[in-house]
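Student: Handing you a structure now.
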């Protein structure tokens, strides 16, 4: 078999992580953020987003997937500088001429935190478990959709054979787990993976976790890239972002993100605090229940039947003033929503032509509903032919700062076109349950898009709807469209970047036209940190990016402590006692980047 050799260098720069914003510490004794020896450097993150699970096969929310990337190395990962693929467990790879057989050379100098060696067998076990067990495909099943076999002929060789070419083979954002631990797990579904310390191989190891309160991670002293400059990483949960901001001001935490514009402006210029603004890779949308159903097509939930009418969905899209949302909700720190892929990925981002765009036009929205036969009732609310009022439930999350204000604007705009909206802001966990069951009409939602957008595109495919038992699937709006699925299959098999980009543009066109996912805006990343505790972090992209809204672990791994980082620290360390309920923001998790076809001279080349 003829093979084309590809190798990859280890990036030395700093990429950051997909993150979670924030909850609130309870009254534990206040002390410096160091352990009993008094010489440990601790990076404390103020977050408002709770953890859905520590099980990497089920972790979907950003807060959880962030922890998984810190704990478990993947086969490859986005590089620090420009997010092109770089080696992690794999130091080089070959692919066959037909792109169906991929052979990875696995590093021989990595160990699990319990001392066992990391081998190709662990990687093969992880992928085969996902292929064989539907429950193991809950979070990242799209990555193995074309896998035919995964084998480890020796400890440093992994061979993956696919049924069709798969362009994401250097972007398999799948946490690799230790076979000697996970082979003892009887049932993946519902397994908490909460026996401490969690056995991992990443730069940080989870050593303590209390749901809705805190997570503690120790720097891995045997990490193959070398130990981080910090000794410990803490996720401290706060009930809301205001509480997290106050904790930053008091020196109880060192880094927070997802700031509101008012919070960002208020923190700018404060002593010992640095702020950072960067273009984000997250989109915010209205997720419309256009007909919830299982993967077999059986109806699910109690969504309003009128939303199955594309005319109603498109009228809603036309009734929204996205410029006002950017100005009033984001304070100007963002861009109006158009395509499904954010403009930070300039070539992938799709912009509709003027005659395709859903520009703010209440007159056109009213005319569309009139033509579709939805007459106004005596109270001004439109009704279906069966007399059902167009009265929709709109759900938002209490842990996402913008949902309440954005929801109020949406409610008022839809009232102008004869649609009644009942806005309800609830905990993220509760909203997740309702959406998964199809028991919603419209929901304010958000996903982060990765350099390779296949994962976030895959959540819109038909096979991401749940099983009859309600398990599996990452669907957001139960969208299922034949043309979209065909385009998804084509782009996944396409290695020519220009051709694949055009296919991804066409997929975004279908999403736009069908309006089951209605784009609102792209929010800039707004974050702040204690400059008296840390002088620098990793940014992604390296010259103008963010600290926390990234893929990987580079932002924390490369955190640079100040000369005396504990001087102004307060809070708790060992024996953390925090409290508060937190809602989980649905955020997508993660793909990588397009397969990069340029050659590398050796595995020692630097990105």
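Residue numbers (the numbering used here): 1 to 607. Ideal Cβ placement from N, Cα and C applies to all residues, glycine included.
(1) Can you say whether residue 332 is buried or exposed, counting buried as having 16 or more other CB atoms within 10 angstroms of its CB?
(2) Just tell me which of 460, 355, 275 and 70 has its CA closest to the CA of residue 176.
(3) Report the partner residues of residue 393 according to the DSSP bridge assignment.
(4) Across which residues does DSSP place residue 85 in a beta bridge pair?
(5) What residue from 76, 552, 336 and 481 has the CA that sits closest to residue 290's CA?
(6) What do you get for residue 388, buried or exposed, if any count of 16 or more other CB atoms within 10 angstroms of its CB means buried?
(7) Go to residue 248, then tell me how far its alpha helix (DSSP H) extends in each direction, as first and last residue.
(8) Whole angstroms are fine: how far does the CA of residue 110 sit from the CA of residue 6?
(9) At 3 residues or longer, what runs of the beta strand (DSSP E) sit wholly inside the region 313-377?
(10) Going by CA-CA distance only, name the one from 105, 137, 508 and 107 that's closest to residue 353.
(11) Do you know how far the Cα of residue 277 is from the Cα of residue 42?
(12) On a CA-only basis, which of 466, 40 and 319 is nearest residue 231? Give me that one, please.
(13) Would you decide whether residue 250 is buried or exposed? Buried here means 16 or more other CB atoms lie within 10 Å of its CB.
(14) Check the C-beta distance from residue 307 over to residue 406 and give it rounded, since I have them as a contact under 8 Å.
(15) Tell me, please, whether the region 52-61 touches the region 118-138 by the rule of three or more beta-carbon pairs shorter than 8 Å.
(16) Please list, in chain order, all residues of the same chain as residue 340 whose beta carbon is under 6 Å from its beta carbon, the five residues on each side excluded.
(17) Taking all protein chains shown into account, decide if residue 136 is buried (16 or more other Cβ within 10 angstroms of its Cβ) or exposed.
(18) Closer than 7 Å by C-beta to residue 151: which residues in its own chain qualify, once you throw out the five before and the five after it? Chain order, please.
(19) So residue 529 packs on residue 255, CB below 8 Å; how close in whole Å?
(20) If we ignore side chains and look at the alpha-carbon of each, how far apart do residue 140 and residue 173 end up?
(21) Does residue 474 pass the burial test, meaning 16 or more other C-beta atoms within 10 Å, or should it be called exposed?
(22) Would DSSP call residue 562 helix, strand or coil?
(23) What is the DSSP secondary structure of residue 31, reduced to helix, strand or coil?
(24) Is residue 112 helix, strand or coil when you go by DSSP?
(25) Go to residue 415, then tell me how far its alpha helix (DSSP H) extends in each direction, as first and last residue.
(26) According to the neighbour-count rule (16 or more other Cβ atoms, all chains shown, within 10 Å of its Cβ), is residue 298 buried or exposed?
(27) Which stretch, first to last residue, makes up the beta strand (DSSP E) that contains residue 529?
(28) What are the uninterrupted segments assigned as beta strand (DSSP E) that are 3 or more residues long and contained completely in the region 123-181, given in chain order?
(29) Return the CA-CA distance between residue 478 and residue 253, expressed in angstroms with no decimal places.
(30) Which full runs of the beta strand (DSSP E) of 3+ residues lie inside the region 207-280, going along the chain?
(31) In this structure, how does DSSP classify residue 599 when only helix, strand and coil are distinguished?
(32) So is residue 76 buried or exposed if we call it buried at 16+ other beta carbons inside 10 Å?
(33) Ignoring anything shorter than 4 residues or poking outside the region 457-493, list the alpha helix (DSSP H) runs there in chain order.
(34) Does the region 42-51 come close enough to the region 181-188 that 3 or more CB-CB pairs lie under 8 Å?
(35) Between residue 549 and residue 240, is the Cβ-Cβ spacing less than 8 Å?
(36) Helix, strand or coil: how does DSSP classify residue 46 here?
Tutor: Considering the structure as presented:
(1) exposed
(2) Residue nearest to residue 176 within the set 460, 355, 275 and 70 is 70 (criterion: CA-CA distance).
(3) Residue pairing of residue 393 in beta bridges, as defined by DSSP: 422.
(4) 78
(5) The shortest Cα separation from residue 290 among 76, 552, 336 and 481 belongs to 481.
(6) exposed
(7) 241-250
(8) Here the model assigns residue 6 a pLDDT of 36, short of 50, so the residue's position is not dependable and the matter cannot be decided.
(9) 334-336
(10) 508
(11) 24 Å
(12) 40
(13) exposed
(14) In fact, because the Cβ distance is near 19 Å, the residues do not count as touching under 8 Å.
(15) yes
(16) 508 and 511
(17) buried
(18) 124 and 159
(19) 4 Å
(20) 8 Å
(21) buried
(22) Coil at residue 562, not helix or strand.
(23) Because the pLDDT at residue 31 is just 34, under 50, the model does not fix this residue reliably, and the value given afterwards should be weighed accordingly. DSSP places residue 31 in coil when its eight states are reduced to three.
(24) coil
(25) 403-415
(26) Exposed, since its Cβ has fewer than 16 Cβ neighbours within 10 Å.
(27) 525-530
(28) 147-154 and 157-162
(29) 39 Å
(30) 214-219, 232-237 and 273-278
(31) Unreliable placement is indicated for residue 599, whose pLDDT of 27 sits below 50; the coordinate value is still reported in the next sentence. The three-state secondary structure of residue 599, taken from DSSP, is coil.
(32) buried
(33) The region 457-493 contains these whole alpha helix (DSSP H) runs: 482-492.
(34) no
(35) No, the pair does not count as a contact, with Cβ atoms beyond the cut-off.
(36) In this structure, DSSP gives residue 46 an extended state, which the three-state scheme calls strand.
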